[in-house]
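See structure below.
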Amino acid sequence: MEDYGRFLALLASTLLVGFLSVILSLVWVFHYREGLSWDGSLGEFNWHPVLIITGFVFIQGIAIIVYRLPWTWKCSKLLMKFIHAGLNTIAMILAIVSMVAVFEFHNAKNIPNMYSLHSWIGLAAVIFYSLQLFLGFAVFLLPFAPVHLRVALMPIHVYSGLTIFATVIATALMGITEKLIFALKNPAYSASPPEATLVNCLGILLVIFGSLILWMASRPHWKRPPAENAKILRPIAATPEGTEVESTMTNSNADKSDLRSNTEAARKQNIKFDEAGQRSTM
C-alpha cells in the first residue's frame, strides 16, 4: 500500500475521534440530561442522539472504509462483503430504533412529529439508507445479478453511500443544535453554558470524523487491489465455427464466485454447441 504509515495514522485518528464522539454523547445524556430509559420520558428521547451517533455515524463510517483496511486484503471478497453488509445492517437497526424512540416520546408528550427540516432530512436519510442496503444486498452480495449490472451500478452505489453518510453528519449537527435551542432556557444556549460547549465540541468531532472517513474512502491508492485477471472464453453462437471471444474481468468488478459461475455457464453452453455439431475449443 502506498503511504501505509499515513493511512494508519489517519485510521487511528478516525477511530479516536469516533470513540470520543460516542463517549461525549453518553456524557451529554447522563450528566446534563435525564439518562436513558424507555418509558416515554425524556430518557427515551435521549436514545435518539446516542444511537444515531453510535450507529448511523460511527458504525456506518467504519463500514465505508472496511474494504480499505490492508490487513483484510488477504480475506476473500465475499467475506468482506458480508462484513460490510453486516456493519451497515447494525447501523440501520440502530437508526430505526432511534427513530422509534423519538416518535414514542413525541406521542407520549403530545409533541408534533415531522415538522422540522431536521426530521424531514433525517427520515429521508433512513429511508434511502435502507434502500441502499437492500439493493446492495440484492445486487452485490447475492450471486444472481449479472456482472454487467454490478459494473454499471457500482459507481452509483459508492456515490450514494458517501452522499447518505455526509447527509447523516449534517442532519446530526442540525439535530443537536435544535435540541440545545429547545432544552436550554436558564441559562440559554446563547449564554454558552457548559452543556452547550460540550455539545458544540461533539459537533466539531462529528465533522472531523466525517471528513476523515470521506478522505480515506476517496483516495484511489488506498483502494483494495484487484485480484489477478481472470479470463473467460465465450463462444459467439452466430458464428458457424464457435468463434471465441476473450473477456477479462478483475476482482473489482466480479469476485471469484462470479468468475466460477460464468466459467461453468460457458462450459455448459459449449457442450450444447458440441452436441449440435458446432465445434468449440473451450
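For the sequence shown, position 234 matches number 969 in this note's numbering, and the numbering has no gaps at all.
Idealized CB from N, CA, C, for every residue including glycine.
What does the Cβ neighbour count give for N921, buried or exposed, with the cut at 16 atoms within 10 Å? As a first step, residue 921 is located in the sequence shown; it is residue number 186 there, counting from the start. Exposed, because fewer than 16 other Cβ atoms sit within 10 Å of the Cβ of N921.
Original post:
Excluding the five sequence neighbours on either side, which residues of its own chain have a C-beta within less than 7 Å of the C-beta of F840, listed in chain order?
Top reply: Residue 840 sits at position 105 when you count from the first residue of the sequence shown. Correct list, in chain order: G775, E779, F780.
ask   = Pick from A923, L852, Y924: whose alpha carbon is nearest that of M909?
value = Your numbering for residue 909 matches position 174 in the sequence shown. For the residues A923, L852, Y924, the minimum Cα distance to M909 belongs to L852.
Assign A880 to one of three DSSP states: helix, strand, or coil. The count along the sequence shown starts at 1 and reaches residue 880 at position 145. A880: coil per DSSP, three-state reduction.
Ordered list of alpha helix (DSSP H) runs contained in the segment 882 to 918, each at least 4 residues: Residue ranges of uninterrupted alpha helix (DSSP H) with 4 or more members, entirely inside the segment 882 to 918 and ordered along the chain, are 882 to 918.
**Prompt:** In terms of residues, what are the limits of the alpha helix (DSSP H) holding K958?
**Reply:** Locating residue 958 in the sequence shown gives position 223, counting from the first residue. Run containing K958: none; DSSP gives neither H nor E here.
T1021 and M815 look like a contact to me (Cβ under 8 Å); what is the Cβ gap, rounded to whole Å? The first residue shown for the chain is 736 and the last is 1017, placing residue 1021 beyond what the model contains.
Reduced DSSP category for K812 - H, G, I as helix; E, B as strand; rest coil:
Position 77 of the sequence shown, counting from 1, holds the residue named residue 812. Assigned with DSSP and collapsed to three states, K812 falls in helix.
Mind checking which residues open and close the alpha helix (DSSP H) that includes N845? Within the sequence shown, numbered from 1, the residue matching residue 845 stands at position 110. Premise fails: N845 is in no alpha helix (DSSP H) and is neither H nor E.
### Message
Using 8 Å for Cβ pairs, my map puts V832 next to L786. What's the rounded Cβ distance?
### Response
For the purposes of this step, residue 832 is identified with residue 97 of the sequence shown, where counting begins at 1. For the purposes of this step, residue 786 is identified with residue 51 of the sequence shown, where counting begins at 1. Sure, about 6 Å apart at Cβ, within 8 Å.
Cα-Cα separation, A880 to V874 = Residue numbering aside, residue 880 sits at position 145 when the sequence shown is read from its first letter. Residue numbering aside, residue 874 sits at position 139 when the sequence shown is read from its first letter. Spanning the two alpha carbons is a distance of roughly 5 Å.
- Item | Own chain, CB closer than 6 Å to F791, minus 5 neighbours either side, in chain order | As a working note, residue 791 is residue 56 in the sequence shown. Cβ neighbours of F791 beyond the five flanking positions: A826, A830, V903.
Contacting residues, own chain, Cβ-Cβ under 7 Å from L755 (five flanking each side not counted): Working through the sequence shown from its first residue, we reach residue 755 at position 20. For L755, where only same-chain residues beyond five positions count, the Cβ hits under 7 Å are L940.
Distance check for K812 and K991, CA to CA, integer angstroms please.
Numbered from 1 along the sequence shown, position 256 holds the residue referred to as residue 991. Numbered from 1 along the sequence shown, position 77 holds the residue referred to as residue 812. With a pLDDT of only 46 at K991, under the threshold of 50, the placement of this residue in the model should not be trusted; the figure read from the coordinates follows. When rounded, the distance between both Cα atoms is 8 Å.
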